[in-house]
Amino acid sequence: MIFDFLFNVHHCNHDKVDPALDLEYCPDCGELIENQWFITRCACCGVKHKSIVRNGKVVPVDNFCHNCGSNEYTVERLPQINFFDVNFAVVIKKVFCSKNKESYTQCWTDAKQESDIQVLLPQSL
Ligand SMILES: [Zn+2]
Ligand SMILES: [Zn+2]
192 MIFDFLFNVH HCNHDKVDPA LDLEYCPDCG ELIENQWFIT RCACCGVKHK
242 SIVRNGKVVP VDNFCHNCGS NEYTVERLPQ INFFDVNFAV VIKKVFCSKN
292 KESYTQCWTD AKQESDIQVL LPQSL
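Final position of the sequence shown in my numbering is 316; the numbers increase by one with none missing.
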């Protein structure tokens with residue numbers, strides 16, 4: 192599994208970084224960490240889904256929309272977290288400016304391809 196390999200190489204989860212802040216230095220590894228918040232929405236009716244990160248991808252907790260039964264969804268990045276999205280959103284702690292050339296960056300395609308947004312090379316869970 193490629194993900195196992197990546198996680199073994201990059202093992203700091205930046206757990207001490209406060210997700211309420213936009214940017215903070217991780218006290219464990221010294222990297223500047225950017226908190227990126229994402230939510231998922233039903234592609235059919237637009238209702239918000241509670242979101243989790245699975246295999247490095249932001250996905251809805253539920254397989255099907257509770258409102259319309261669709262299994263299509265879109266992923267949106269939130270410019271900042273607010274109190275009414277916090278129950279739905281998931282945070283990804285991304286190294287903002289890496290000092291370590293061997294660390295990985297996470298690449299998001301801004302262009303939405305139908306309802307499918309790709310996540311390449313997740314750097315941590
Ligand atoms: Zn760290
Ligand atoms: Zn729906």
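Note that beta-carbon positions come from the ideal geometry of N, C-alpha and C, so glycine has one too.
All figures in this text were calculated on a predicted structure; none of them were measured in a lab.
Same chain, Cβ closer than 6 Å to residue i, five either side skipped, listed in chain order
i, result
"TRP228", "LEU269, ILE272, ALA280, VAL282"
"VAL238", "ASN258"
"ARG232", "LYS239, THR265"
"LYS241", "VAL252, PHE279"
Counted within 10 angstroms of its Cβ, other Cβ atoms place residue i as buried (16 or more) or exposed
i, result
"HIS202", "exposed"
"VAL266", "buried"
Beta bridge counterpart(s) of residue i as assigned by DSSP
i, result
"LEU212", "Answer is none; LEU212 lacks a bridge partner."
"ILE243", "VAL250"
"VAL277", "None, per the DSSP bridge assignment."
"ILE283", "GLN227"
"VAL266", "THR231"
Backbone CA spacing between residue i and residue j [nearest angstrom]
i, j, result
"ASP213", "ASN204", "16 Å"
"ASP253", "ILE230", "13 Å"
"CYS220", "VAL250", "27 Å"
"GLU263", "ALA234", "5 Å"
"PHE275", "ALA211", "14 Å"
"VAL277", "ASN246", "21 Å"
Same chain only: Cβ atoms within 8 Å of residue i, ignoring 5 sequence neighbours per side
i, result
"CYS236", "CYS256, ASN258, CYS259, SER261"
Minimum Cβ-Cβ distance from residue i to chain B less than 8 Å
i, result
"GLN227", "In summary, chain B is missing from the structure at hand, where a single protein chain is found."
Neighbourhood of residue i by C-beta, 7 Å cutoff - its chain only, sequence neighbours within 5 removed
i, result
"VAL217", "Checking the sequence shown, residue 217 turns out to be Cys, not Val. Closer than 7 Å at the Cβ level, and outside the excluded window around CYS217, lie CYS203, HIS205, LYS207, VAL208, ILE224."
"LYS284", "HIS205, VAL208, ILE224, ASN226, SER315"
"GLU215", "VAL208, ASP209, ILE224"
### Query
Residues with a Cβ closer than 5 Å to any heavy atom of ligand 1, in chain order?
CYS203, HIS205, CYS217, ASP219, CYS220
### Task
Please list, following the chain, all residues that have a C-beta closer than 6 Å to any non-hydrogen atom of ligand 2.
CYS233, CYS235, CYS236, VAL238, CYS256, ASN258, CYS259, SER261
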